[in-house]
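Have a look at the structure below, then the notes.
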Amino acid sequence: MMKLYYLSGACSLASHICLIEAGIPHQAIAVDRQKRTADGGNFLDITPKGYVPALVLDDGQVLTESGALLPYIGTLNPIAKLIPQPGTLAHFRVTEWCAYINSEVHKNHGPLFRPGSTDEQKAAAREAVLQRYAFIENAMGDHPFITGGDFTVADAYLYVTLSWAARVAIDVSGLPRISAFFLRCAARPSVIAARADEGLPA
Ligand SMILES: N[C@@H](CCC(=O)N[C@@H](CS)C(=O)NCC(=O)O)C(=O)O
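Residues in the sequence shown are numbered from -4 upward in steps of one, following the numbering used here.
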């Protein structure tokens, strides 16, 4: 069975949601800030990168990086429609969004989570993230999800960054589509189940 190493509520929540959406049997194993795993190991032995998500495949190989892991998980079960068939442009549309959320949205949160950031650095980070959310708001149009009618791995990733908004004081109330998108995702059984597994409030 695959093992997903996660830090509660962190970016790994997106992979966790997608494993559930795809119906892939898996074991979700918590990692703490000291890099200890809930099954008694040292997370650095799983990946020297030391950060989540890390997915241990059935043959023992380890896959990391949300930008690769999410499309991988989505591809495992085509019926779940978490990503279109590999090799099609539609597939790369979803990976394009995963890359955008990874490098433009997720990464720009850095100063908001790093202890010791100055108020100026935090304000600049909030502005950068909000500007990217505004871009997505516009790109989403009247679709329920980023690329259209199907909930994809990119939507799971965007849901997770939005779930940090209140904690890092990013106010998305001026973005009605993004706000509705967040509530739409939060109501999905996979999201509710993954949050419960990670000990997060409903
Ligand atoms: N490049 C990685 C970054 C992953 C990442 O930033 N993980 C954070 C949680 S969102 C983490 O594990 N932080 C704990 C740490 O670095 O000690 C990815 O995109 O998957």
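All C-beta atoms, glycine included, are put in the ideal place defined by N, C-alpha and C.
Residues near residue i by beta carbon distance below 8 Å, same chain, minus five either side
i	result
G69	C13, A17, A75, L77, I78, V89, T147, V148
R127	Y95, E99, V100, N103
M(-4)	P20, H21, Q22, D53
C93	S61, G62, L65, P66, V148, A149, Y152
A191	A197
Q116	P106
F108	V163
Reduced DSSP category for residue i - H, G, I as helix; E, B as strand; rest coil
i	result
A23	strand
F146	coil
M(-4)	coil
T113	coil
R183	coil
R121	helix
T42	coil
R31	strand
Close Cβ partners of residue i (< 6 Å) along its chain, the five nearest in sequence each way excluded
i	result
I15	S185, A188, A189
P43	none
Y154	C180
A49	Y0, I41, T42, V57, T59
S7	Y1, V47, P48
F177	L157
M33	The identity of residue 33 in the sequence shown is Ala, whereas the question assumes Met. These residues qualify, in order along the chain: I24, A25.
Heavy atom of ligand 1 within 7 Å of residue i beta-carbon
i	result
C13	no
N133	no
V47	yes
E60	yes
A5	yes
L2	yes
N97	yes
Integer Cβ distance of residue i from residue j, believed to fall under 8 Å
i	j	result
P110	A120	About 14 Å separates the two Cβ atoms, so there is no contact after all.
Y0	F38	6 Å
L2	V47	5 Å
E132	R162	20 Å between Cβ atoms; not a contact.
L84	A129	Rounded, the Cβ-Cβ distance is 25 Å, inconsistent with contact.
L125	I165	6 Å
7 Å CB neighbourhood of residue i in its chain, flanking five on each side removed
i	result
S174	V167, S168
H86	I78, P79, Q80
L71	A17, I19
D145	K76
P139	R179
Test: residue i CB closer than 8 Å to a CB of chain B
i	result
I12	No chain B is part of this structure, which consists of one protein chain only.
Ranges of the beta strand (DSSP E) found wholly within the stretch 44 to 104, counting only runs of at least 3: As far as the stretch 44 to 104 is concerned, its whole beta strand (DSSP E) runs of at least 3 residues are 49 to 51, 57 to 59.
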